[in-house]
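Reading the sequence shown from the start, the letters are residues 1209 to 1368 in the working numbering.
Built from N, CA and C at the ideal position, the CB exists for glycine as well.
Below is one structure, written out as structure tokens; comments come after it.
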Amino acid sequence: MGFRIRVRLQVSPYHPPEGYNDWQTRSTWPWQGSPQKPKFDGFNLEYFRTVDKVVRLASDLGIGFEMIMEAWGFEYPFNQRGVFLPEYEGLWMRYLVTGYDAFTSVYIWTLMNEYEYYPDGDWRYNRAAVLWTINVHTFRSRYEFHLFFKYNNLKGEHRN
């Protein structure tokens, strides 16, 4: 029996109130372009080669990952739906699931960390957020080839 580690696939370089991480020594931007001038229709293959190595090594070592697909909903680009369009979101999710779901180290897919929270730390019911979760979960499930768990952050429920 191995360990389970939570992994945010789009790593945030910024953590308020401290600011930027001092431990990051290279870019963790997964798309082409940059955060200032993104190209969401293509991926940073150097970044994903590193992810590939880590996921492969974790499989060899018996370590399991919870893969968090969209990090925090209040961080860029996920908080800018006029920029990060549904077409880009679909491309992102297909790329992640078809690339990593077959690895034995991927135990759980989480759509978004704390999607129902807001930057002020308060929780508010948001019908649009709940519908988004259901739609994205359904979309993602179409591309899964195997499944250990289906995880839905909605109410913290684990569903088989």
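Item                                                                                                                                                                : Value
According to DSSP, simplified to helix, strand and coil, what is P1294?                                                                                             : helix
Note down, in chain order, each residue of its chain lying with its Cβ closer than 8 angstroms to the Cβ of T1258, except the 5 sequence neighbours on either side. : none
Checking the sheet assignment: what are the DSSP bridge partners for W1239?                                                                                         : F1251
Give me the Cα-Cα distance between K1245 and F1251, rounded to the nearest whole angstrom.                                                                          : 13 angstroms
Along the alpha helix (DSSP H) that carries A1336, what are the first and last residues, could you check?                                                           : R1335 to S1349
Give me the residue from S1242, G1270 and R1302 with the minimum Cα distance to S1313.                                                                              : G1270
Assuming contact is defined by CB atoms lying nearer than 9 angstroms, are M1277 and R1348 in contact in what I supplied?                                           : yes
With F1248 and F1292 assumed to form a contact (beta carbons below 8 angstroms), what rounded beta-carbon distance in angstroms separates them?                     : 6 angstroms
Exposed or buried, what is A1151 when buried is set at 16 or more other beta-carbons lying within 10 Å of its beta-carbon?                                          : Not covered by the structure: residue 1151. The range shown for the chain is 1209 to 1368.
Have a look at L1195 and T1341 and give me their C-alpha separation to the nearest angstrom.                                                                        : Residue 1195 is absent from the structure shown; the chain starts at 1209 and stops at 1368.
Quick test of your reading: Y1315 and F1273, contact by CB under 8 angstroms. State the CB separation rounded to the nearest angstrom.                              : 6 angstroms
Hey, how far is the Cα of N1334 from the Cα of G1298?                                                                                                               : 22 angstroms
Under 8 angstroms by Cβ, that's how I've got F1311 and S1242 pegged, so tell me the actual separation to the nearest angstrom.                                      : That belief does not hold up - the Cβ atoms of F1311 and S1242 are roughly 28 angstroms apart, past 8 angstroms.
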